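So that you can map any letter, position 318 of the sequence shown is 342 in this note's numbering, and since no number is skipped, the others follow by simple counting.
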Amino acid sequence: MKTYLEPQRELPVRAEVDVLVVGGGPSGIMAARAAAGKGHKVMLIESRGYLGGNLTLGLPILAYLDINGKQCIRGYAQDLIDRLAARGCAGPHVPCKNHMSLTIIDPEEVKTVALEMMEEAGVEVLMYVFCSDAIMDGNTIKGVIIESKAGREVIFAKTVIDCTGDGDVATRAGVEMHKGDENGGMQPPTLMYSVRKVDMAKFRDALVNHRDVFDMDVMPPEQFAKRYFITVGLRNQIKKANAAGLDIPVARTILITGLKDDQIWVNMSRVSGVDSTLPESYTFGEIEARKQIYRINEYLRKYVPGFENLEVEKVAPFLGIRESRVMVGKYVLTAEDILTSRRFDDVITVAGYPVDIHHSTGSDCTMLFAKDNHDIPYRCLVPAKVENLLVAGRCSSFTHEAMAGTRVMSTCMGLGQAAGTAARIALADGVKPSEVDVKKVQEELREEGAYLG
Ligand SMILES: Cc1cc2nc3c(=O)[nH]c(=O)nc-3n(C[C@H](O)[C@H](O)[C@H](O)COP(=O)(O)OP(=O)(O)OC[C@H]3O[C@@H](n4cnc5c(N)ncnc54)[C@H](O)[C@@H]3O)c2cc1C
């Protein structure tokens, strides 16, 4: 590859903070809020012009409840729902056989509520800045380099929390990262979009009363009589459409009810082989997924009752990434830990979502269910070697299979709250986050409403 030797240059220091959170998605918002308070200077930086990350895509939040209907994600993640519900922008936690539970949210209002939470907590938010590098002193992170219209700048921080989803900071800091399965195969991305003018009575009737035609994975018909549901199935309809030449990229029809009566969110595009850490690959994914939307709409109009007159309402602002880099931390959570409902002394959040792997190639998915929820230990947030850095969200320390369960936004919010709390306590006690008293972290998390079993 042709290269260019960049000349050395002096960079302006934009800020010096106690805790810097990079990435304002579900994990980052909660990390920043938890780190704030007690006089700590906390900053949250975000590359886009709004907070929320994947909370803004039109996805339901899955698995606030576990397989037994117990609410295992509480704390700040519940506070987000309470705030949204108070303005009519979130539904209840609805139990679901396939997803444990679904909670419908308004993807626009999330942006406002997240900013309000940051303002209340005294977090300084800086948007439109991309974190491009880590500043290291040996194996200790000292801050980051950001890029924006203002140029290249430095933010120094005593502790950095990487909530970028892709583990951008951890990668630049030299943390060992991995991607995908043993062949590097990652779960494919999807461009979410919503449609209106769906005849819900007709759609419901097909799902509830015509199961021979409108077959569904795992879920019983009565689930679709409810106000809020997700369909995962109608495999035969897709086969028929494909036989007629439609080329639908998924084997299952995944449709999610919206907050508006005739609104459905469509989770059906799929672009295999996309790597969100390579701009050319991510770009290809965006282009391809947009093309798929037309074919999917044709499928819905012709093969799914109630969708004959659909109109596209909104396409999500970006192609949603299910998987990319994941770090190797002090402990790497495995699928076995999830499936055996393993407990850990250093639990910092409990999670209840099954292992849900959208295959990296082909059009199908594997779901593996446990009998109960499971713990995630603090060590999953702590890089194996680099100090003063925590990594929270889908890029925390999991195997490819485990990450397919822990990636849901409820769990990511739980991980974020834990990372922020640990960073705050470590600073107050004058120790590195890797040496924090986890019992203290657990106590404070419980005080802030988190459920730790
Ligand atoms: C198609 C799809 C369907 C899904 N379905 C569901 C579902 O139904 N329910 C559910 O609960 N979960 C679902 N998930 C999973 C869930 O959305 C994600 O795993 C979760 O949002 C990850 O949260 P996070 O905080 O780790 O990262 P993200 O939500 O990705 O947030 C990361 C944030 O960091 C910012 N950022 C990234 N890099 C930088 C940088 N270098 N500098 C500055 N800012 C940066 C981003 O702009 C973003 O705001 C789905 C995911 C996808 C893609």
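Backbone N, C-alpha and C fix where the C-beta goes; we use that ideal spot for every residue, glycine too. Note that the structure is a prediction, hence the values are computed from the model and not measured.
C-alpha distance - residue i paired with residue j, whole-angstrom precision
i: G47; j: E322; result: 36 Å
i: A39; j: Y318; result: 46 Å
i: L35; j: V178; result: 7 Å
i: V222; j: L283; result: 13 Å
i: Q316; j: E304; result: 18 Å
i: I449; j: G440; result: 14 Å
i: F180; j: M160; result: 10 Å
i: L29; j: N412; result: 30 Å
i: I320; j: A230; result: 19 Å
i: I85; j: Q32; result: 45 Å
i: P244; j: E337; result: 29 Å
i: R276; j: V352; result: 33 Å
i: T80; j: S71; result: 14 Å
i: S434; j: K26; result: 44 Å
i: R314; j: P273; result: 12 Å
i: A110; j: I280; result: 22 Å
i: M54; j: D236; result: 44 Å
i: A394; j: G52; result: 28 Å
i: G99; j: R470; result: 8 Å
i: Y252; j: K121; result: 13 Å
i: V379; j: T127; result: 19 Å
i: A197; j: T188; result: 14 Å
Where residue i falls: helix, strand or coil (DSSP)
i: H123; result: coil
i: A439; result: The sequence shown places Leu at residue 439, rather than the Ala named in the question. Note: L439 maps to helix in three-state DSSP.
i: K463; result: helix
i: C389; result: strand
i: P407; result: strand
i: S365; result: coil
i: I254; result: strand
i: M243; result: coil
i: V14; result: Lying before the first or after the last residue shown, residue 14 is absent from the chain, which here runs from 25 to 477.
i: G330; result: coil
i: Y74; result: coil
i: K354; result: coil
i: T487; result: Nothing can be reported for residue 487, as the shown portion of the chain is limited to 25 through 477.
i: H424; result: helix
i: A181; result: strand
Boundaries of the alpha helix (DSSP H) in which residue i is found, first to last residue
i: V232; result: M224 to N233
i: A394; result: It is not in any alpha helix (DSSP H) - A394 carries neither H nor E in the DSSP assignment.
i: K203; result: Taken as a continuous stretch (DSSP letters only), K203 belongs to no alpha helix (DSSP H), being part of the beta strand (DSSP E) at M201 to K203.
i: V134; result: E133 to A145
Residue i, enclosing beta strand (DSSP E) - first and last residue
i: L104; result: No beta strand (DSSP E) contains L104, which is instead part of the alpha helix (DSSP H) from G99 to A110.
i: M151; result: E148 to M151
i: T80; result: Unbroken run through T80: none, as it is neither H nor E.
i: E40; result: V37 to V46
Report yes or no: do the stretch 248–268 and the stretch 323–331 share at least 3 C-beta pairs separated by less than 8 Å?
At 8 Å Cβ cutoff, the stretches touch.
Kindly confirm or deny that the stretch 48–60 and the stretch 135–155 touch, where touching means at least three C-beta pairs closer than 8 Å.
Judged by pairs of C-beta atoms under 8 Å, the stretch 48–60 touches the stretch 135–155, as three or more such pairs exist.
Any chance the stretch 401–409 sits against the stretch 332–349, with 3 or more Cβ pairs inside 8 Å?
Segments in contact, no.
Looking at C-beta atoms only, is the number of pairs between the stretch 443–459 and the stretch 412–424 that lie closer than 8 Å three or more?
The stretch 443–459 is in contact with the stretch 412–424.
Report yes or no: do the stretch 371–387 and the stretch 422–433 share at least 3 C-beta pairs separated by less than 8 Å?
Three or more Cβ pairs drawn from the stretch 371–387 and the stretch 422–433 lie within less than 8 Å of each other, which places the two stretches in contact.
Is the stretch 195–210 touching the stretch 459–473 in the sense that three or more CB pairs, one from each, lie closer than 8 Å?
Under the 8 Å Cβ criterion, the stretch 459–473 does not count as touching the stretch 195–210, having fewer than three qualifying pairs.
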